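Residue numbers (the numbering used here): 475 to 788.
Cβ atoms here follow ideal geometry from the backbone N, Cα and C, with glycine treated the same way.
Everything numeric in this text was worked out from a predicted model, so none of it was measured.
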């Protein structure tokens, strides 16, 4: 039975196992665009408080939640209401609402002028601490994966982390409400088929099933992770700088058979700093490879995609 491979993050730190870890990680991204990760530090003492906080927030009234919507903010911080986002080229909105947490920086940091300020719901005092703890743990995990991918490509291990360090990385708390009794547009699903914008995405175990990837053979495959595993997938930025060697993978979240089932999920989108230039790596150029894409900054690439998914205007 075809299934997404599993790797142990601790193998990266074991000289006897490191090379196999690198190959298994890279091959998983080449074949599936996804990998399941164990042996990380994103443990239940971090994930449970975060999920508890998120559940408490989405139980608030529409009026209370909408108070944290940033008008003109392209959904980059705070709350984004139901039916606000659609997948690229999709004509129907996704059946979800979400909250975004970005990087916290010292007051004197230059990027404070660039990154939007985080919002924190006053109704849930533990929300800030629990979400920032999860953000930090996921970033530590993502750094190891990015180093492994760099080594797989025979690049310096810091080639990716050098541009994602202090990057515009976002933790998204997603809520897919029960669909029971809701008037749903024909063809609408929880998350229509799409590819992620960023370098890589990390997902802690969701509260319900529904996530599927599109295999290279064009077949939808359920992604069933064991409790405690982190799922990682490749995004369009990684595909761009590797010239398609590590392609982004189409995925979606389908509606449940039992329409009363709701779903919580928390993806962690790893982005570069806004001024970082996305250039095709030297190891990913060659006569037998496609013509490299033109250089573009992380900020410009992100803006293009936010326009395409309906979160901002041109």
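Check: Give the list of continuous alpha helix (DSSP H) stretches no shorter than 4 residues that lie fully inside the region 481 to 512.; Outcome: 492 to 505
Check: Tell me where the beta strand (DSSP E) around residue 696 begins and ends.; Outcome: 694 to 696
Check: Does the count of Cβ pairs from the region 535 to 551 and the region 511 to 522 closer than 8 angstroms reach three?; Outcome: no
Check: So, at 7 angstroms on beta carbons, what are the nonlocal neighbours of residue 495 in its own chain, with the 5 sequence-adjacent residues on each side left out?; Outcome: 481, 485, 486, 622
Check: Output the boundary residues of the beta strand (DSSP E) element that contains residue 690.; Outcome: First-last for residue 690: undefined, no H or E at that position.
Check: Can you tell me the Cβ-Cβ gap for residue 723 and residue 659, rounded? I've got them flagged as a contact below 8 angstroms.; Outcome: No, residue 723 and residue 659 are not in contact; Cβ-Cβ is about 26 angstroms, not under 8 angstroms.
Check: With contact counted as at least three CB pairs below 8 angstroms, one residue from each stretch, are the region 731 to 743 and the region 637 to 651 in contact?; Outcome: yes
Check: Can you look up residue 777 in the DSSP assignment and give me helix, strand or coil?; Outcome: helix
Check: Quick check: what's the CA-CA separation for residue 726 versus residue 694?; Outcome: 9 angstroms
Check: Taking its Cβ as the centre, do 16 or more other Cβ atoms sit within 10 Å of residue 656, making it buried, or is it exposed?; Outcome: exposed
Check: According to DSSP, which residues form a beta bridge with residue 742?; Outcome: 645, 676
Check: Pull up the CB-CB distance for residue 686 and residue 728, whole angstroms please, since I reckon it's below 8 angstroms.; Outcome: 6 angstroms
Check: For the beta strand (DSSP E) holding residue 520, just list the boundary residues, first then last.; Outcome: That residue, residue 520, is in no beta strand (DSSP E); its alpha helix (DSSP H) goes 518 to 532.
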